[in-house]
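Protein chains in written order, with the numbering used here: chain A, 1 to 192; chain B, 1001 to 1192.
As structure tokens, then:
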């Protein structure tokens, strides 16, 4: 099976505001431009479609992540490149999703310091959470367990989105999950 | 896009015991033998993976069917042939799932008379339901709304499983959703 036929899952994990959704779509667009089938599973969209009614207790978060994992498993084993962009705060259930996969599973840690997240805080959520107004806010009033051995470790407080995207694409090419010639050809084309 | 690249959803609907699961796997095996990617979404498996905790009220059944529909939509728009084998008793939510699809959606009514289901009753469920022991048993103590205009109408009380399978495959070939030459070649090969 060539790279072009083999699906895999890029499993992003990181705090709210760390750049999961933005980077998922940037990476997804680049991979789709190579002619691959891509699905971005966004945390909010999945909550609407698969997990309405679930809350933010550990049990409910785990159930939500298992459901995203199940969908990612079905898509990736059918040749789709899946990018999951949910927080997925708990290590054990991330590992469980990895084990359930038939296709390659790549854990991508989007690491951003709390200081930087508080500084950005586009939606004012960190201010509220630190003020005690938001219970179950991951990283402040709810746990976040960083990956011990992520396949890819991105520091979104130090790397630009473009650099982060390039780092992920480069890793996938190096492992043979993406076709290197496709992206070389595209970069040559774009730099004309 | 050729037939070999275009996904679609075969949406089975019918009472418990009408043959949904058996026929889904028989049809799925035949399509997979043509080199296509196939996923059978079995009602029980989906309840375990996406809908644990939901019951059998109309609202919960509708939620369950919407979730299967969402997964079928994602898979089929990525080139997969999806076969859903849930009862899906309510017309409105079946139509909603059809409308949500980007890929072709084919409703297959597995029609079997209650007399015949009671006669077969492999698991003794109809006897229990008719005896008042099983509330929310579709077709006896819970509603079943047959499709008004199914794309394919199979009478599983009159057609053999082999004939039912052939009728579905033939319909898909005729509409260009399956490659006719693939199945002709396979039949010639098998009849050597």
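Beta carbons: idealized from backbone N, C-alpha and C, even for Gly.
Here the structure is a predicted model, which means the values were calculated and not measured.
Taking one beta carbon from each stretch, the segment 1007 to 1019 of chain B and the segment 1087 to 1094 of chain B have 3 or more pairs nearer than 8 Å; the two touch.
Residue pairing from DSSP places residue 1011 of chain B in a beta bridge opposite B/1084 and B/1107. By the neighbour-count criterion, in which 16 or more other beta carbons inside 10 Å mark a residue as buried, residue 1181 of chain B falls on the exposed side. Under the Cβ criterion of 7 Å, residue 1070 of chain B is counted among the residues facing chain A. Within the segment 110 to 188 of chain A, the runs of beta strand (DSSP E) that reach at least 3 residues and sit entirely inside it are, in chain order, 152 to 155. Residue range 58 to 76 is occupied by the alpha helix (DSSP H) that includes residue 75 of chain A, with no beta strand (DSSP E) assigned at that position.
Looking only at B/1131, B/1126 and B/1149, the smallest Cα-Cα distance to residue 1138 of chain B is reached by B/1126. For residue 1049 of chain B, the nearest CB of chain A lies under 7 Å from its own CB, placing it at the interface with that chain. With a threshold of 7 Å between beta carbons, residue 80 of chain A makes contact with chain B. Here residue 1041 of chain B is bridged, per DSSP, to B/1084.
Under the Cβ distance rule, residue 1074 of chain B counts among the residues neighbouring chain A, one pair being separated by less than 7 Å. Neighbourhood of residue 133 of chain A in chain B, by CB distance below 9 Å: empty, with the nearest CB roughly 29 Å away.
1037, 1039, 1049 and 1050: these are the residues of the segment 1031 to 1057 of chain B whose beta carbon lies less than 7 Å from some beta carbon of chain A, given in chain order. Look at residue 1036 of chain B here: in three-state DSSP terms it is coil, with no helix or strand label. Chain order gives no chain B residues near residue 180 of chain A, where near means a beta carbon separation below 7 Å; the closest approach is about 23 Å.
Residue 1129 of chain B and residue 1058 of chain B have their C-alpha atoms roughly 18 Å apart.
The three-state secondary structure of residue 1023 of chain B, taken from DSSP, is helix. In the three-state reduction of the DSSP assignment, residue 92 of chain A falls in the helix class. In this structure residue 103 of chain A is in contact with residue 77 of chain A, their Cβ atoms being roughly 5 Å apart against a cut-off of 8 Å.
Here residue 1039 of chain B really is in contact with residue 74 of chain A; their C-beta atoms are around 6 Å apart, less than 8 Å. Taking a beta-carbon distance threshold of 7 Å, residue 158 of chain A does not count as an interface residue toward chain B.
Residue nearest to residue 8 of chain A within the set A/162, A/185 and A/72 is A/72 (criterion: CA-CA distance).
With a threshold of 16 other beta carbon atoms within 10 Å, residue 1107 of chain B meets it and is buried.
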